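Just below is one structure, and these are the notes that go with it.
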Amino acid sequence: MDGAPMRSSFAAAATELLVDDPRVAIVLAEISEQLFRDARRHDPSRVVNVGIAEQTMVGVAAGFAMEGFHPIAHSLSPFIAERPFEQLKLDFGYQGLGATFVGSGGSYDYASEGGTHHSPGDVAAMLAIPGMQVLIPGRGEEAAALLRATYANGAPTYMRTSLAINDRPEDVAVGRLEVVRRGAWTTVIAFGPMLTRTLAATEGLDVTVAYATSVSPFDDAGLAEIVGDDPHLIVVEPWFEGTSAPAVVGAVAHLRARYTFIGVPRAFIHDYGSWREIDADLGLDVAGIRDRVVRSREP
Amino acid sequence: MDTTTDLLARVRSLMGRATGDEKHEESSTSTIDVLWVLYDRVLHVDPSDPKAEGRDRFILSKGHGPVALYAILAAKGYFPESWLDGFMEHGGRLGAHPDRLLVPGIEASTGSLGHGASMAVGVAQALRTKGLSAPRVVVLCGDAELNEGSNWEAIALAPHLHLDNLTLVVLDNHSSSLAVESWRARLGSFGWAVREVDGHDHDALERAFVPASDRPLAVVADVPEGEW
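Structure (structure tokens):
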């Protein structure tokens, strides 16, 4: 699984769960249908492709959840986190039902498809639903581990997978920050696939780098322990800049802290190419992140 | 033991107890006969065990005008009739749109239009997956609710999944601003068995609810225009 596309790793893990647990159901809206053919062969009644109908994808998943199943629904991020938002909010959040919603291609992974296929606001939208867990793995192995840890916990969970992956997997757990590097000057939190570039961008700087794969639940105690009494916190996040602020600020609200959020500017992108090229344009590559981190030291 | 007629009369009085003048709740008179026939003659449900695995499932998709449903559930013993006094009141359990977490017998929390049909398809498929062939799923949508596109995603999907355990009730009180030429033609073209019936005729409704053998069933219950 090393370096495998996160979407494939997720599909393999979901298929394993479907085989192992008769209460797992997979609901799709055409996207990635080819990745679930083995699952479908195993039990076609629990692998439902609803067609290009994302509202019904979520509604059908809710129907499965009402009958005690653990649904896993999947599409591209804009088409699972944004288009059927009200179904996520009401059919799951309000009704108190659990499922896993896996989005692929958050922000501008599929940059060349244009803004119709971008979703840097997906996580902000998901955080607006009380009780929604939000997970952001940085590798396929992590996506599989987080899925296994949460799929049956009765809560709605949004897991955002991406084309960008970190160089190596971390030992991750839901709601736990991992300290990847220790330093004295400041603390940098890297979410999901931003870790490898954040480590590169802070090479030679005396900073602590912490790795987060959960936005909600967030590791409040873990962050408070890492940052000390007079913290300067820098957050590197792959979605709209400041999306994680309520979680991060809330964790250290008892302290007087300075914050720098490095993420996607709040503007539509009218350009194409690859996600790497857009990252560079927006200052989310190694050089751009290093520049923002260094400048954040200035008074 | 009440006779059916006595019980229905009590349902009507309970509806008045819930609504009163100041809390006039509209779309209830249009649905009461359909709901009554479902709960009195069609659905296999047990008020003493509202989560029984083998029960039939009813989803009031439109969520609007739930007083008739509340009154029937109370009359059948799902919850105390005294709850109706707190309809729409702070601290009460019965809101203007039903909440499955507060009310025994309410399968889905609805009110935002266009959610119930998709959930009903999921429930019907899940029942089949569990190997439960007896329980049926009935979902009620209003004719104006069917303006919502999400319903038509579900209406297209149900025949594709061969869900003959699913029944859609179209409660047509002609409230849609968009004219519908023919429910039979429209739903039939999606692959549904369609029966059109007087929405206040109990015997005709009961006959119409006999499941279709090989496809999902749509029962179009027509009530007079302007009746809510």
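The listed protein sequences correspond, in order, to chains W and Z. Take the first sequence: its position 158, counted from the start at 1, is 158 in my numbering, and no numbers get skipped. Take the second sequence: its position 146, counted from the start at 1, is 1146 in my numbering, and no numbers get skipped. Ideal Cβ placement from N, Cα and C applies to all residues, glycine included. For clarity, every value in this text was computed on a predicted model and none was experimentally measured.
For tyrosine 94 of chain W, the chain Z residues whose C-beta falls within less than 7 Å of its own C-beta are Ser1109, listed in chain order. Using a CB distance cut-off of 9 Å, alanine 1096 of chain Z does not count as an interface residue toward chain W.
Per the DSSP secondary-structure output, isoleucine 31 of chain W pairs with nothing in a beta bridge.
For alanine 152 of chain W, there is no enclosing alpha helix (DSSP H), since its DSSP letter is neither H nor E. Shown in chain order are the members of the stretch 78-103 of chain W whose Cβ falls below 8 Å from a Cβ of chain Z: Glu86, Gln87, Leu90, Asp91, Tyr94, Gln95, Gly96. Taking a beta-carbon distance threshold of 9 Å, alanine 14 of chain W does not count as an interface residue toward chain Z. Following the DSSP letters along the chain, one finds serine 1189 of chain Z inside the alpha helix (DSSP H) bounded by residues 1183-1189. For the 9 Å CB-CB criterion, alanine 1108 of chain Z and methionine 66 of chain W form a contact. With a threshold of 9 Å between beta carbons, valine 1138 of chain Z makes no contact with chain W. Secondary structure note for tryptophan 239 of chain W: its beta strand (DSSP E) is the uninterrupted segment 232-240.
Distance from the CA atom of isoleucine 262 of chain W to the CA atom of arginine 292 of chain W, rounded to whole angstroms, is 7 Å. When the five nearest sequence neighbours on each side are left out, the beta carbons in the same chain lying within less than 6 Å of the beta carbon of leucine 1102 of chain Z are those of Arg1093, in order along the chain.
Valine 1210 of chain Z and valine 1194 of chain Z have their C-alpha atoms spaced approximately 12 Å apart. For glutamine 133 of chain W, the three-state secondary structure derived from DSSP is strand. The C-alpha of methionine 159 of chain W is placed about 34 Å away from the C-alpha of leucine 1168 of chain Z.
Here DSSP, grouped into helix, strand and coil, assigns isoleucine 1155 of chain Z to helix. One thing to note: cysteine 1141 of chain Z has its Cβ within 9 Å of the Cβ of leucine 1171 of chain Z. For the alpha helix (DSSP H) assignment, the uninterrupted runs of no fewer than 4 residues enclosed by the stretch 63-143 of chain W are, from N- to C-terminal side, 122-127. Shown in chain order are the members of the stretch 47-70 of chain W whose Cβ falls below 7 Å from a Cβ of chain Z: Val48, Val50, Gly51, Ala53, Gln55, Thr56, Gly59, Val60, Ala61, Ala62, Gly63, Phe64, Met66, Glu67, Phe69. For a Cβ distance threshold of 7 Å, residue set Gly59, Gln87, Leu90, Asp91 of chain W lies close to histidine 1115 of chain Z, ordered along the chain. Cβ atoms of aspartate 1201 of chain Z and proline 1135 of chain Z stay farther apart than 8 Å, at about 26 Å.
When the Cα atoms are used, aspartate 171 of chain W and alanine 143 of chain W turn out to be separated by approximately 11 Å. A direct Cα-to-Cα measurement between leucine 1127 of chain Z and serine 1133 of chain Z gives close to 7 Å. Residue range 6-20 is occupied by the alpha helix (DSSP H) that includes phenylalanine 10 of chain W.
In chain order, Asp1164 place their CB closer than 7 Å to the CB of serine 1213 of chain Z, counting only its own chain and leaving out the 5 sequence neighbours on each side.
Scanning its chain for C-beta atoms nearer than 6 Å, with the 5 sequence neighbours on each side dropped, one finds around valine 1138 of chain Z the residues Phe1058, Thr1167, in chain order. For tyrosine 1078 of chain Z, the three-state secondary structure derived from DSSP is coil.
Within the same chain, Cβ atoms closer than 6 Å to the Cβ of valine 102 of chain W are found at Phe10, His74, Met159, the five residues on either side in sequence being excluded.
Taking the Cα of glycine 140 of chain W as reference, the smallest distance to any Cα among W/Val123, W/Arg41, W/Ile165 is reached at W/Ile165.
If you draw a straight line from the Cα of leucine 205 of chain W to the Cα of tyrosine 151 of chain W, it is about 39 Å long.
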